[in-house]
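Just so we're on the same page, this note's numbering is the position in the sequence shown counted from 1, plus 60.
Before any comments, here is the structure.
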Amino acid sequence: MTFVTRLTLQSGDRAALDGIVDDIKSTAERKGAALKGPHSHPPETISVPQRSRLHADDDRHFSSWEYTVFTRELEIHGHDNLARNIASQNFPDSVHIEAEVEQIHGAGRGN
61 MTFVTRLTLQ SGDRAALDGI VDDIKSTAER KGAALKGPHS HPPETISVPQ
111 RSRLHADDDR HFSSWEYTVF TRELEIHGHD NLARNIASQN FPDSVHIEAE
161 VEQIHGAGRG N
């Protein structure tokens, strides 16, 4: 039975994101782990409206705050301890990480 750990990393700081992805890749290579990715998604531009007052009846607002989010996805096949160690690292506040673990059954097994 094999586990596949899918890591999704997001950040508005592209350099920090790419640095962390490079660190994960080099760690996986050193440990001999099967790694797929990084897969890059198109940058997403987020626009957040900003009101000039907190009162709900006041329609005045500042120009929207816009920022870009960069996303990278990696998959680690097997090497459960490596995946667990990577997912539990302390990343900079500017980088958000999500880990999804999927259990893969071998061919010919029931269930």
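We put the beta carbon where it would ideally sit given N, CA and C, even for glycine.
Of the listed residues the options, nearest to residue i (C-alpha basis)
i	options	result
Phe130	Thr68, Gly72, Arg66	Gly72
Thr128	Thr105, Arg113, Leu114, Pro109	Thr105
Ala177	His156, Ile146, Asp119, Pro109	Past the boundaries of the shown model lies residue 177; the chain is included only from 61 to 171, so the question cannot be answered.
Asp83	Asn150, Thr62, Arg113	Asn150
Presumed contact (8 Å Cβ cut-off) between residue i and residue j, rounded CB distance
i	j	result
Arg111	His121	5 Å
Gly81	His137	The question names Gly, but residue 81 is Val in the sequence shown. Incorrect: roughly 17 Å between the Cβ atoms, too far for contact.
Arg144	Leu69	With a Cβ gap of about 16 Å, Arg144 and Leu69 do not count as contacting.
Residue i vs residue j beta-carbon contact at 8 Å
i	j	result
Thr62	Ile164	yes
Val155	Leu77	yes
Beta bridge counterpart(s) of residue i as assigned by DSSP
i	result
Arg66	Glu135, Glu160
Ala93	DSSP output for Ala93 lists no bridge partner at all.
Problem - Those runs of the alpha helix (DSSP H) which lie wholly inside the stretch 111–158 and span at least 4 residues - result: 140–147
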